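Enquirer: Chains A and B supply the protein sequences, listed in that same order.
Just so we're aligned: 203 in the numbering used here is position 203 of the first sequence, and the numbers increase by one with no gaps anywhere.
Just so we're aligned: 69 in the numbering used here is position 69 of the second sequence, and the numbers increase by one with no gaps anywhere.
Ideal placement from N, C-alpha and C gives every residue a C-beta, glycine not left out.
Since the structure is predicted, the reported quantities are computational estimates derived from the model, not experimental observations.
Handing you this structure, nothing more for now.
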Amino acid sequence: MHFEDTPEEAAFRAEARDWLAKAAAAYANPPTAPWEEAELVRLGRAWQRTKAEGGFAGILWPQEIGGRGGTPMQASIFDEEEHAYNIPTGVFITIGMNMAVPTIRRHGTPEQAERYTRPTLLGEMTWCQLFSEPAAGSDLANLRTKAAQRQDGSWLINGQKVWSSWAHHADYAILLTRTDPSVAKHKGLTFFVLDMKTPGITIRPIRQISGKSDFNEVFLENVVIPDANRIGKVGEGWACAMTTLMSERAGSRGGESDLDVATVIEALRGTDALADGAAQVKLARWWTVEQGIQNFRHRLTTRMSKGEPLGAEAALVKLAYARKLQDIAAFAMDVEGYEGVAGDSPLREQAEAAYQWGAVMRIAGGADEILKNQLSERVLGMPGEIRADKDIPFDQLEA
Amino acid sequence: MDFDLSDEQKMLAEETRRLLSDRASANRLRVLADAGAAWDEGLWSDVAAMGLLGAAIPEELGGVGLGEIDVCVIAGEMGRGPAPLPFLGTVLAADAIRLAGSDAQKTEWLPKLASGETVAAYAWNEGRGAFHPRRMAAAVKAGRINGRKAPVADAGLAKIAIVAALENGEPGLFLVSLGDASVSPMKGFDLLQKQSAVTFDGAAAERLPGASEAFIEAMQDRAAIYTAFAQIGGAEACLYMARDYAMGRKTFGRPIAGYQAIKHKLAEVLVEIELARSNAYFAAWALANDAPELKTAAATARLSATTAYDLASRENLQVHGGFGYTWEADCNFHFRRARLLSAFLGGPDVWSARLIMALQAANAPLAA
């Protein structure tokens, strides 16, 4: 057990650090004002290209497709070093890198893999995910968006998607549709790549409680997709979607509005709050969760670097993180009393954002309740949920 | 980075588990508890013969010459039963002698502690509340100790004790033969680790020359880390005991393991255990390498492990329903041991305060 870099790891870290010192010099300090969305996307694309050209994008991807052919440990080291900078990036990059391309490469044809891999790596293609629907969230396979094949082989898509982060800045989408309603719900699904410039797509931003609008409703009306954009066989969409979601979880990290114990202690240093026993117990609890998550991640990285697969227990990271975030943010607001909910304190502003982001994180990418099902079923081997609709053809289900 | 136990350490865990799974089974513990036994002497000999008492003691002094992480691994397996053995006191006493003792003390005692011939107790506590090395009444003058330490774990079995006391107003650790002290049993919540009050009335007390106030504080951190591993071992035993029971127990026509009320409860326990294990690994690393993070890592590991064991032992009984409250069920031993291990080094309030003070004391700003 040790935390020192091996000579190989140290050499890689030094190389990454040197490279970042030059390539990311412009991002050493936070931007003076937050980037506007379009500017963020422009800078994010450029940074992705810079990284790809420097050999630091797709560290885990094989060299023959433009990756580095590196190790999980190298990916983790680069993340750590990159984290020291204020890098412009977002889901418009990570959905492509961590979800779309891995799914296309696993289930698609060699031509499809060729077509999407390199442009995504270079930041030329940005992506969004069109999976969830108003009646298909945790129960994703309940989705209704219909894909019907036409005479010429192309597909006609009609339906509505929701919670599609950054869809308004995406060049392409990964899309899950129903192609056969006469079979049980998991069996009639098919997976596509959709060019977001195709006629018939309407993107309507959803106004969120935070005041931001970074996810969308996406309406698909008579959208035509060529059969060449179908990934995997007709009816095998569920297997493709599982690959996507497993990749999402493996890549999941932190969030956009963080608040940790160290920050709260710094903000409260010198006040009575830190001498209060009840506050100490709470802060200590959240510290142990933060440290537990970080140390747990180190265990996962070690395991993956030895060639072992990421186990189902990885789901606990998001579960523990999101709840802690909401709790500590509530505390940070409470601790200042009335001024914790009104006024100019920087802690208050950060806490407000974190409190709201905590609510997002407890739902997005697998709600707390779904994650607890997964942990109990896949790690502890307890029985799966009763699925009353499992074997019933989709078109015979009650809405 | 390689943040995992080594293959040898995993093998050590497996071998220890194999020995204890049968010899420290719940059925065996019930027999011992019914008989009012304070330990399993035969098992102690076998554990000693496997080298489990001398993991951190150098080979030339009768030990195995491994390190603190190996002691942690063994402590974790001891916690799973929990094994009815005076393991922690003996190991802590051996560590105190190994790290702060004179050459003569090491030569005399470490071989006997490694072989199991001598059982030792570690006696620091006096009365209620958080322990502080400067607030002790026990005092040594001209090589003689006076005072009362209580509770002391396994003092009824131990031949010697390492005792915290003041000498000329300065905290120190002293080696005392318990044959020269009055040891009287105390009532206790745990059935298989007996607690005693130890009264010294002029017994000969040999100073461990290297034991300063800071060393005594560091012994608390060390005890917290070994205990964290025992707590996690116990918590994991509870989790799988509950899981297995839930898989077999049916209500309303199906196993209760299929209900979310039970699944989610055990998922929560799993989360606490994995976070605690991750923190305990880090603390073990910090201990073995005397890392600057040792103090915060020890408090972090202790708090996490206490939370995990507390939750696991209570929910294990809950999942068993009314049966869990019977003598026949196996929940009882962990239900009691979890409380003992939570309280005995000071409860979560004490360690939370310790942790937050240590974090504030960090010179550099904490926020990245």
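Let me check understanding here. Comparing Cα to Cα, which of A:S210, A:I225, A:Q151 and A:D214 lies closest to L194 of chain A?
Expert: Walking along the first sequence from the start, residue 194 of chain A turns up at place 194. The candidate whose alpha carbon is nearest that of L194 of chain A is A:I225.
Enquirer: If you compare alpha carbons, which of A:A359, A:T302, A:L300 and A:T301 is closest to I328 of chain A?
Expert: Your numbering for residue 328 of chain A matches position 328 in the first sequence. Cα-wise, what sits closest to I328 of chain A is A:A359.
Enquirer: Determine the burial state of A120 of chain B: buried for a count of at least 16 other Cβ atoms within 10 Å of its Cβ, exposed for fewer.
Expert: As a working mapping, residue 120 of chain B is identified with position 120 in the second sequence. So A120 of chain B counts as buried.
Enquirer: Cβ closer than 9 Å: which chain B residues qualify as neighbours of N373 of chain A?
Expert: For this step, residue 373 of chain A is matched to residue 373 along the first sequence. In chain order: Q260, K263, H264 and A267.
Enquirer: F323 of chain B: buried (16+ other C-beta within 10 angstroms of its C-beta) or exposed?
Expert: Position 323 of the second sequence, counted from the start, is the residue given in the question as residue 323 of chain B. By the 10 Å Cβ count, F323 of chain B comes out exposed.
Enquirer: Alpha carbon to alpha carbon, how far is R135 of chain B from T199 of chain B?
Expert: Your numbering for residue 135 of chain B matches position 135 in the second sequence. Your numbering for residue 199 of chain B matches position 199 in the second sequence. Spanning the two alpha carbons is a distance of roughly 17 Å.
Enquirer: Would you say L43 of chain B lies against chain A (beta-carbon separation less than 8 Å)?
Expert: As a working mapping, residue 43 of chain B is identified with position 43 in the second sequence. False, the Cβ-Cβ gap to chain A never drops below 8 Å.
Enquirer: Identify every residue that forms a DSSP beta bridge with Y204 of chain B.
Expert: Within the second sequence, residue 204 of chain B is the residue found at index 204, counting from 1. Per the sequence presented here, residue 204 of chain B reads as Ala, with Tyr not at that position. For A204 of chain B, which the question treats as bridged, DSSP gives the partners B:R144.
Enquirer: Would you kindly report the start and end of the unbroken alpha helix (DSSP H) that includes F333 of chain B?
Expert: Position 333 of the second sequence, counted from the start, is the residue given in the question as residue 333 of chain B. C331 to A343 is the extent of the alpha helix (DSSP H) around F333 of chain B.
Enquirer: Does chain A have any CB closer than 8 Å to the CB of Y281 of chain B?
Expert: Here residue 281 of chain B refers to the residue found at position 281 when the second sequence is read from its first residue. Output row for Y281 of chain B: interface = yes.
Enquirer: Please confirm whether N29 of chain A has its beta-carbon closer than 8 Å to some beta-carbon of chain B.
Expert: On the first sequence, residue 29 of chain A is found 29 positions in, with the first residue counted as 1. False, the Cβ-Cβ gap to chain B never drops below 8 Å.
Enquirer: Counting only C-beta atoms, is D4 of chain B closer than 8 Å to chain A at any point?
Expert: In the second sequence, counting from the first residue as 1, residue 4 of chain B sits at position 4. Judged by the 8 Å Cβ criterion, D4 of chain B is in contact with chain A.
Enquirer: I want to verify the contact list: residues of chain A whose CB lies under 8 Å from the CB of R243 of chain B, in sequence order.
Expert: Residue 243 of chain B sits at position 243 when you count from the first residue of the second sequence. Correct list: L380, G381 and M382.
Enquirer: Are I77 of chain A and R13 of chain A close, meaning C-beta to C-beta below 8 Å?
Expert: The sequence position of residue 77 of chain A within the first sequence is 77, counting from 1. The sequence position of residue 13 of chain A within the first sequence is 13, counting from 1. In this structure, R13 of chain A lies closer than 8 Å to I77 of chain A by Cβ.
Enquirer: So D310 of chain B contacts chain A; which residues on that side make the cut at Cβ distance below 8 Å?
Expert: Along the second sequence, read from residue 1 onward, the residue named residue 310 of chain B stands at position 310. By Cβ distance, chain A contributes nothing, its closest Cβ being about 12 Å from D310 of chain B, past 8 Å.
Enquirer: Against chain B, does W287 of chain A count as a neighbour if the rule is that its beta carbon must be under 8 Å from one of theirs?
Expert: By one-based count along the first sequence, residue 287 of chain A stands at place 287. W287 of chain A counts as touching chain B.
Enquirer: Is there at least one Cβ from chain A nearer than 8 Å to V152 of chain B's Cβ?
Expert: Numbered from 1 along the second sequence, position 152 holds the residue referred to as residue 152 of chain B. With 8 Å as the cut-off, V152 of chain B does not count as an interface residue toward chain A.
Enquirer: Could you spell out the range, first to last residue, of the alpha helix (DSSP H) harbouring G76 of chain B?
Expert: Locating residue 76 of chain B in the second sequence gives position 76, where the first residue counts as 1. Residues E68 to R80.
Enquirer: Spatial neighbours of L175 of chain A within its chain, please: C-beta separation below 6 Å, excluding the five flanking residues on both sides.
Expert: Position 175 of the first sequence, counted from the start, is the residue given in the question as residue 175 of chain A. Contacts found: L130, F192 and L194.
Enquirer: Assign G129 of chain B to one of three DSSP states: helix, strand, or coil.
Expert: For the purposes of this step, residue 129 of chain B is taken as the residue at position 129 of the second sequence. Coil, per DSSP.
Enquirer: Starting from the C-beta of A368 of chain B, find all residues in its chain whose C-beta is less than 6 Å away, skip the five residues before and the five after it, and write them out in chain order.
Expert: Counted from its first residue, the second sequence places residue 368 of chain B at position 368. Residue placement at A368 of chain B is poorly supported in this model, since its pLDDT is 38, which falls under 50; the coordinates still yield a value, given next. Result list for A368 of chain B: empty, nothing under 6 Å.
Enquirer: Does any C-beta atom of chain A lie closer than 8 Å to the C-beta of W285 of chain B?
Expert: Within the second sequence, numbered from 1, the residue matching residue 285 of chain B stands at position 285. W285 of chain B counts as touching chain A.
Enquirer: Contact check, M219 of chain B vs L92 of chain B under 8 Å by CB: the rounded distance?
Expert: On the second sequence, residue 219 of chain B is found 219 positions in, with the first residue counted as 1. On the second sequence, residue 92 of chain B is found 92 positions in, with the first residue counted as 1. Yes, they are in contact, since the Cβ atoms of M219 of chain B and L92 of chain B sit about 7 Å apart, within 8 Å.
Enquirer: Along the alpha helix (DSSP H) that carries R409 of chain A, what are the first and last residues, could you check?
Expert: Missing from the structure shown is residue 409 of chain A; chain A here goes from 1 to 399 and no further.
Enquirer: Within the chosen definition, does the region 13 to 21 of chain B reach the region 71 to 86 of chain B through at least 3 CB pairs nearer than 8 Å?
Expert: Yes, the region 13 to 21 of chain B is in contact with the region 71 to 86 of chain B.
Enquirer: Counting C-beta neighbours from all protein chains within 10 Å, is the total for F252 of chain B 16 or more, i.e. buried, or is it exposed?
Expert: Here residue 252 of chain B is taken as the residue at index 252 of the second sequence, counted from 1. By the neighbour-count rule (16 or more Cβ atoms within 10 Å), F252 of chain B is not buried but exposed.
Enquirer: Consult DSSP for D310 of chain B and reduce its assignment to one of helix, strand or coil.
Expert: One-based indexing of the second sequence puts residue 310 of chain B at position 310. D310 of chain B falls in the helix class under three-state DSSP.
Enquirer: Any beta carbon of chain A sitting closer than 8 Å to that of A353 of chain B?
Expert: On the second sequence, residue 353 of chain B is found 353 positions in, with the first residue counted as 1. Cβ-Cβ to chain A under 8 Å: yes for A353 of chain B.
Enquirer: Is there at least one Cβ from chain A nearer than 8 Å to V271 of chain B's Cβ?
Expert: For this step, residue 271 of chain B is matched to residue 271 along the second sequence. So, interface residue.
Enquirer: Between the region 87 to 105 of chain B and the region 226 to 239 of chain B, do at least 3 Cβ pairs fall closer than 8 Å?
Expert: Yes, the region 87 to 105 of chain B touches the region 226 to 239 of chain B.
Enquirer: Sorted by chain position, which residues of the same chain lie with C-beta nearer than 7 Å to L300 of chain A's C-beta, five sequence neighbours on each side aside?
Expert: Locating residue 300 of chain A in the first sequence gives position 300, where the first residue counts as 1. Correct list, in chain order: L310 and A314.
Enquirer: To the nearest angstrom, how far is the alpha carbon of A84 of chain A from that of A28 of chain A?
Expert: Taking the first sequence and counting its residues from 1, one reaches residue 84 of chain A at position 84. Taking the first sequence and counting its residues from 1, one reaches residue 28 of chain A at position 28. Each residue's Cα considered, the two are about 8 Å apart.
Enquirer: Taking its Cβ as the centre, do 16 or more other Cβ atoms sit within 10 Å of V264 of chain A, making it buried, or is it exposed?
Expert: Here residue 264 of chain A corresponds to residue number 264 of the first sequence, with the count starting at 1. By the neighbour-count rule (16 or more Cβ atoms within 10 Å), V264 of chain A is buried.
Enquirer: What does M1 of chain B touch in chain A if you count any residue whose Cβ is under 9 Å from its own?
Expert: In the second sequence, counting from the first residue as 1, residue 1 of chain B sits at position 1. The contacting residues are H2, F3, E4, D5, T6, E9, M73, S76, I77, H298, T301, T302 and S305.
Enquirer: At the 8 Å Cβ level, is E313 of chain A part of the contact set with chain B, yes or no?
Expert: Reading the first sequence from its first residue, position 313 is the one you call residue 313 of chain A. Answer yes: the Cβ-Cβ gap between E313 of chain A and chain B drops below 8 Å somewhere.
Enquirer: Which two residues bound the contiguous beta strand (DSSP E) that contains F174 of chain B?
Expert: Locating residue 174 of chain B in the second sequence gives position 174, where the first residue counts as 1. It spans E170 to S177 - the beta strand (DSSP E) in which F174 of chain B sits, taken as one unbroken run.
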